[in-house]
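Here is the structure we will look at, set down as structure tokens.
In the UniProt record's numbering, the protein residues as written are 1 to 1266.
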């Protein structure tokens, strides 16, 4: 920035005047001074239109086009053809490749003189790259060389060769620069003649520019650098400004002698001459003087940021060399001219001795007493010594004093005197206490330790839990320390004599003992207030509860908890009752009424297995007597259904395991044979012989008989053998309904047990009983197994007309026969072979069984008939059900085949209509109908071919299936439901109506809201429609009751209460008003602030409940009227400590004194006023308590602030208390931003768009040129 001499003189005078007035100088510049107008060589003709709309916004496009020419003599491919390049010309291929990998567009035109004009379009980088490649490929290349000094090559290359690469791209050439280890100065250029000339020109320009520059390194010893740089770099800056050279002098922290100079040759030479001259002169004239100065005083010679050294150099011209901080030497060297060394030495001594440092021995624990409350003691010493700084160093027994020698000595004497006085008056003691007792010494919220501090006036330091330190330190007067020590020792002795007992309580009872929000355990602790009760962490699942305290109290608490544990065990007695799964619904009852009544009457907890659980066990928990009663009632319900009885069998306990069998096989075979009766053996080791059998009477008798037989067998003999047979043969060994195996059992008297599907080895059959019976049964079974293993082949005759039945549905009937008869193979003749021979191959008994089964099927087929059932085709899909599920079920239940007709085409429908017009009588479902009549169900007028469903099977089964199909034909009824209830029938997003349709398998249509109709249509099978109708009517009845109930619940009552009481009625977070709402089941609405009826509180609900809620509110208001409010001024700095984390402290105080305390908001004018509301006595007590806490907290704040002042380093202290003036920044007056805004209504500043008629036409501002 340049200013003329007049401006500088004016600014200087202004600064001098400000300094004479002792005011801070703040320069203010005008806009024209700071930003002068640029000189104009010639006046510029102003444009004819002088408004901002005449200027067009300039925008650059990212797509560019370059055009260049290749002369015919420089063309590499001189193909001449009517079509450029000819078919498959080399030039065309090259251009296509370049376009593909550069992304540019290339157009080539051939001129009459056979030169090429090339247009390249695309993004700038792509165009440059494409042009370079085109020139290399299509234009002949020339070679040229240029000699450039070796030291200039690196400037031509640029950083990482980028400059050379850019030059090659711009000139479409290839430039070869010699390697650094090659001493050649020749640079070779390959490319077009034009490109070579441009490249040579650019390279020569770069070399010429570098030829003008120079770089010099001057090896000047570091000891002379201060004379070259000067004070605050004044000399070196002056040289740099005179020569325009860049001079780099290493900083004092770097041990380097070399000074570098860079710039234009003339400037560098001149700067080198000046620096060399200064160096030679100082080298010739300078001498040195060494002085010894204490290491601690060196920093005063250096000064802040080396300013003192620069000051000495500026005043005397002498350089002061200070040894490094890490060096132990104390020698300071002065270097300069002989006549200037004396004054410099005087300055060094003056600076070194201007400040001294002294230490005072004082125990670290005394430091806070030396500082005094709010710094009173230390301030008394230092108030007359403003240049003295006293530093209390943490963890040391020293106080460091820094300042002028005479003042330091005075402060040292005062501190030593104060330290001696304090040592004589104040004492400290340390006692060793086990860390486990520390929290008991502190007490809840510090109650115990604070009490001792207040009584004795001492300070007690207890280590934190993480320190693992056993020392407790007491500081204060001799008497106070002794008293506090004795009290602490007494507490420790008492705690050491306390007793601790562990009680085993099942961890599942811990939550019950603690209670909701710890209410029950709080009652126990209040009852035994000297005892500490500790429960294990919930995640540990430990049963141990620890009780600690005085011996007698611990014993009493132990007895109380033992009794409580016993009661909990008694009330949590648990048994499991097996009940048939199919009877659980009778245990539950309608809507859970039965199970609920049993729970209430017996005060027990009854848990039934989940719906998907296969278990049939019901768990009952509670007191033993109640549990037994509940069990009895549940068993009574079971016994009252399906003739369920219980019976007992006496079997010696020593035979129980053998009767049960390996993996329960024997007992499972009995339960399966007797329809799943429950057989309950006594617990192992109980010695009980009674075995309980429960189930239907006939099955129990049968199981009892088999169990006794088995027990007798076990008592007589426990001989068992194993026989192996293929699992697929087991069914033949057992026979239909167990006939085969029963014959063996009856003949031999042995018991035969087959494996279940869950057994690992399914081939083992176990035979148990007396040895001779077992062996006989074994022989019988092995003979049967041998027969089954003998494969035979037999033929039988089956009439061809029945073959289709066996092979239909992918041979399903044959597969069933194969599975049922041990894998026997059944072969029917092929469809194109006229034969009735059927071949069977397999085990002899299996083949015989299969032949018999086929004969039975053929006999059934001969007895089959086909009847027709007429149902209109429109109902066929409904009758069939989803994926034919309904019709498949009927086919399976009645063992028939049902065939539905194909869908009717339009031609068949017309033909049927014509035939029906002939007046012929039709037979429908066995009845004769004339034209126009309806059948009994009123389904249709005339049967058609496509309405006929064919049913094939036994005649009686076909009739039953026909009736079942007719029962599936849907009917439609209308149910009257008031329009207002439709939304409740539909439910949220149609959920309720979908559930109804799913439950009763019907379709329910609710009329649209626009119709406002009361009729709901239900379609489905007659039985389902009737059930759905009853459900809808029941729901309407319930909705009517709910409607009446809602009317009763809308009773409103208003209570007049002053708005100032509203917050108290609402309570903290709405607790009070929520409780009233819950207790009385009402809605309570408070008016908005500023509402005309802001005194009225509206209560909505049942009349009786609303009146009860009103009474509760009036009662609260009466209590509030008796309260008073008092304002207390408490320093706002302690408000946060009074409130505590998340308001815990202030809530505790409010609960303790039963008052309400309100603190001011940040926006309130008075931040110190706290409002206390409550009964008069309680308000006064709370006020006194808050004021005591304020005094204590303010004392802590002040002490901490004072202590901070005396523990900061001098530099930090100066920074903290240095007055700071507001920095207004660089101020410029009269800028455009201070000018008046243009007047948009002025025709001068905003002229019209019109133009003079005589002027030439100008382009239209908006839109394209015309």
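The beta-carbon is built from N, C-alpha and C at its ideal position, and this holds for glycine as well.
Excluding sequence positions up to five away, which residues of its chain have a Cβ less than 7 Å from the Cβ of residue i?
i, result
"residue 231", "310, 313, 314"
"residue 581", "616"
"residue 144", "189, 196, 200"
"residue 867", "951, 958, 962"
"residue 84", "Only weak support exists for where residue 84 lies, its pLDDT of 44 falling under 50; the coordinates are left without a value."
"residue 506", "543"
"residue 1123", "1173, 1174, 1175"
Give the DSSP-derived three-state secondary structure of residue i in the structure shown.
i, result
"residue 392", "strand"
"residue 946", "helix"
"residue 903", "coil"
"residue 1044", "helix"
"residue 1053", "strand"
"residue 661", "coil"
"residue 610", "coil"
"residue 1125", "strand"
"residue 848", "helix"
"residue 501", "strand"
"residue 289", "strand"
"residue 1187", "helix"
"residue 918", "Note on residue 918: pLDDT 41, under 50, position unreliable in the model; the coordinate value appears next. If DSSP states are grouped into helix, strand and coil, residue 918 belongs with coil."
"residue 77", "coil"
"residue 139", "strand"
"residue 308", "helix"
"residue 638", "helix"
"residue 71", "coil"
With DSSP as the reference, please indicate the residues paired to residue i in a beta bridge.
i, result
"residue 691", "649"
"residue 321", "333"
"residue 753", "766"
"residue 105", "121"
"residue 573", "622"
"residue 578", "617"
"residue 1169", "1129"
"residue 63", "123"
"residue 696", "644"
Which same chain residues end up closer than 8 Å to residue i when comparing Cβ atoms and leaving out the 5 residues on each side of it in sequence?
i, result
"residue 1107", "1053"
Answer yes or no: do residue i and residue j have a C-beta to C-beta separation smaller than 8 Å?
i, j, result
"residue 754", "residue 730", "yes"
"residue 189", "residue 134", "no"
"residue 132", "residue 172", "yes"
"residue 627", "residue 594", "no"
"residue 969", "residue 875", "yes"
"residue 1016", "residue 975", "yes"
"residue 72", "residue 119", "no"
"residue 946", "residue 903", "yes"
"residue 521", "residue 513", "yes"
"residue 117", "residue 74", "no"
Ordered along the chain, which non-local residues of its own chain (more than five positions away) have a Cβ less than 6 Å from that of residue i?
i, result
"residue 193", "142"
"residue 224", "279, 282"
"residue 703", "670, 674, 677, 693"
"residue 890", "961, 964"
Checklist entry - Where in the stretch 146-196 do unbroken runs of the alpha helix (DSSP H), each at least 4 residues long, occur, reported from the N-terminal end onward? => result 153-157, 162-171
Checklist entry - Which whole runs of the beta strand (DSSP E) in the UniProt domain "K Homology" (1049-1118) are 3 residues long or more, in chain order? => result 1051-1056, 1083-1085, 1096-1101
Checklist entry - Residue ranges of each beta strand (DSSP E) run of no fewer than 3 residues wholly in the stretch 759-841, ordered along the chain? => result 764-769, 791-797, 825-827
Next on the checklist: I'd like the ranges of any alpha helix (DSSP H) spanning at least 4 consecutive residues and lying wholly in the UniProt domain "K Homology" (354-420).
Outcome noted: 367-371, 376-382
Item to check | Unbroken stretches of the beta strand (DSSP E), 3 residues or longer, contained in the stretch 208-284 | outcome: 213-219, 246-248, 258-264
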